[in-house]
Amino acid sequence: MSVKITIIGLGQVGGSIGLALAPHKNSLSVFGHDKEISIERAAQKKGAVEKTEHNLPRAVEGAKIVILALPVHQVRDTLGFIAPDLMEGAIVVDTSPVKSEVSKWVKDILPAGCSYVGIVPTIGSEFLNGTEKGLDSARADLFSKSIFLLDAPASTTGESVELVMELVQLLGANIMLTDIVESDGLMATVHLLPQLVSVALLNATVDQPGWLEGRKLAGRAYVAATSALVVEDEPDALHMSALHNKENVVRSLNTMIASLGALRDDIEKGNEEAVKVRLQAAHEGREVWLNERISANWESMHKESDKPISISERLFGGLLGIRSKNRK
């Protein structure tokens, strides 16, 4: 008997999760749902899911784990649709970058007996320069050697957290345990701020005086500086993510504004040495970070167990009252 996992949202993240789980068909049965029937069919053809169910309530019936691979503006309504049909003991996992609001919705909507665990996926370093989106860009190794943030409310059972941790490991990723406050703070800086900086740059150039000619000359630097906007599948996602993580986003924007102001002042004063120091520090900082990210040697950030327990052992051990030797 396999354990049913339902993935709701079959874009790059949902499709890649399905593809990474595909080799474990002996213990897992992966169902998929997407608002577009054509994407459901394509996901099944690609091997990202074994079966699809376009009726959302039926898609989650009997699922031990339900993964919401959705932009944040779709999460609340989806929780409302699936809540009445979740099985007792189901674990709902969401992948959005804003956890504070989602945790509130979960508390209000999920039925008693169900658990919630939040994860924030990141992609492997091999794909950092990619700008592809959607199911066509889904890959089984998209998360290889990456870090997933993982947090859960205090009411979530330890067994639920352990199952999701094991699931993340099956995706080829490592885990950083956080709380919701820390998670939202980190994502404001490394995920939302780059996109908002792209917005600011575009608003400061497009349709401004000189753009009629400037647009003909904008090249690699302009493309690179504005490409952060393409990471979201839907425009509404950035809008809601920024507003639902307001305090952290404002703090990050203030830091960015201060940095720009200091650079502007040095340039305005003609302070050649100060400008040179700022540019060199930025260059060296990027090189150090990128080398660390590519090597993915984050030994200080996680500890691997000596003998990991398989997901089937965790699932069936918990369900059937069997405890492994490592958990006695």
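Counted from 1, the sequence shown has number 748 at position 44 by the numbering used here; the numbering is strictly sequential. Each residue gets a CB set at the ideal place from its N, CA and C atoms; glycine is no exception. Keep in mind the model is a prediction, meaning the values are calculated, not measured.
Could you tell me how far apart the beta carbons of residue i and residue j are, in whole angstroms, since I believe they sit closer than 8 Å?
| i | j | result |
| --- | --- | --- |
| residue 735 | residue 753 | 6 Å |
| residue 826 | residue 855 | Their Cβ separation, rounded to whole angstroms, is 15 Å, which puts residue 826 and residue 855 out of contact at 8 Å. |
| residue 909 | residue 918 | 7 Å |
| residue 712 | residue 782 | 6 Å |
| residue 900 | residue 946 | 7 Å |
| residue 717 | residue 837 | That belief does not hold up - the Cβ atoms of residue 717 and residue 837 are roughly 10 Å apart, past 8 Å. |
| residue 724 | residue 844 | 5 Å |
| residue 876 | residue 831 | The Cβ separation is near 12 Å, so there is no contact. |
| residue 960 | residue 897 | 6 Å |
| residue 990 | residue 829 | Not confirmed; about 14 Å, so no contact. |
| residue 760 | residue 737 | 6 Å |
| residue 768 | residue 1000 | Actually they do not touch by this definition, with Cβ atoms about 30 Å apart. |
| residue 874 | residue 728 | 6 Å |
Taking DSSP as the reference, what is the three-state secondary structure of residue i?
| i | result |
| --- | --- |
| residue 963 | helix |
| residue 893 | helix |
| residue 772 | strand |
| residue 765 | coil |
| residue 746 | helix |
| residue 999 | helix |
| residue 883 | coil |
| residue 857 | coil |
| residue 974 | coil |
| residue 730 | coil |
| residue 706 | coil |
| residue 719 | helix |
| residue 989 | helix |
| residue 862 | helix |
| residue 1006 | Confidence at residue 1006 is low in this model, with a pLDDT of 45, below 50, so the placement of that residue is unreliable and no value is reported for it. |
| residue 724 | helix |
Can you name the residues that DSSP bridges to residue i?
| i | result |
| --- | --- |
| residue 878 | 851 |
| residue 736 | 711 and 756 |
Do the CB positions of residue i and residue j come within less than 8 Å of each other?
| i | j | result |
| --- | --- | --- |
| residue 851 | residue 821 | no |
| residue 764 | residue 786 | yes |
| residue 811 | residue 884 | no |
| residue 813 | residue 797 | no |
| residue 969 | residue 982 | no |
| residue 770 | residue 790 | yes |
| residue 891 | residue 949 | yes |
| residue 858 | residue 719 | no |
| residue 807 | residue 860 | no |
| residue 750 | residue 839 | yes |
| residue 958 | residue 889 | no |
| residue 774 | residue 747 | no |
| residue 932 | residue 887 | no |
| residue 780 | residue 809 | yes |
| residue 895 | residue 801 | yes |
| residue 956 | residue 893 | yes |
| residue 1002 | residue 878 | yes |
* **Completely contained beta strand (DSSP E) runs for the region 905–956, where each covers 3 or more residues** => If we require 3 residues or more, the region 905–956 turns out to have no beta strand (DSSP E) run fully inside it.
* To do: For the region 781–850, list the beta strand (DSSP E) runs that are entirely contained and at least 3 residues long, ordered along the chain.
  => 795–798 and 819–824
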